[in-house]
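Residue numbers (this note's numbering): 72 to 150.
C-beta atoms are modelled at their ideal positions from N, C-alpha and C, and glycine is treated no differently.
Below: one structure, written as structure tokens.
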């Protein structure tokens, strides 16, 4: 049977390895966004697209409808 100390040590090492992997992925993502920016793409819009693509279509449609309604109510559309 594994000792408590050994189990704790294994958990900490696993977390550290995942944190390092997460940092490396963050650097890779930054490089891809930097490349997109150099190619003339708007990074803010790309981030929005990524966020929207993660949503279910129904949820995305509801949010877009609400956004449209709020903007209309605030007079944010040109007449």
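In its chain, beyond the 5 residues on either side, 114 have a beta carbon closer than 6 Å to the beta carbon of residue 104. Residue 132 carries a helical assignment under DSSP once its states are collapsed to helix, strand and coil.
Of the residues 146, 110, 100, the one whose Cα lies closest to the Cα of residue 121 is 100. Pairing residue 102 with residue 117 gives a Cβ-Cβ distance that is not under 8 Å. Annotation: the continuous alpha helix (DSSP H) that includes residue 104 extends over 75 to 109. For residue 148, the three-state secondary structure derived from DSSP is coil.
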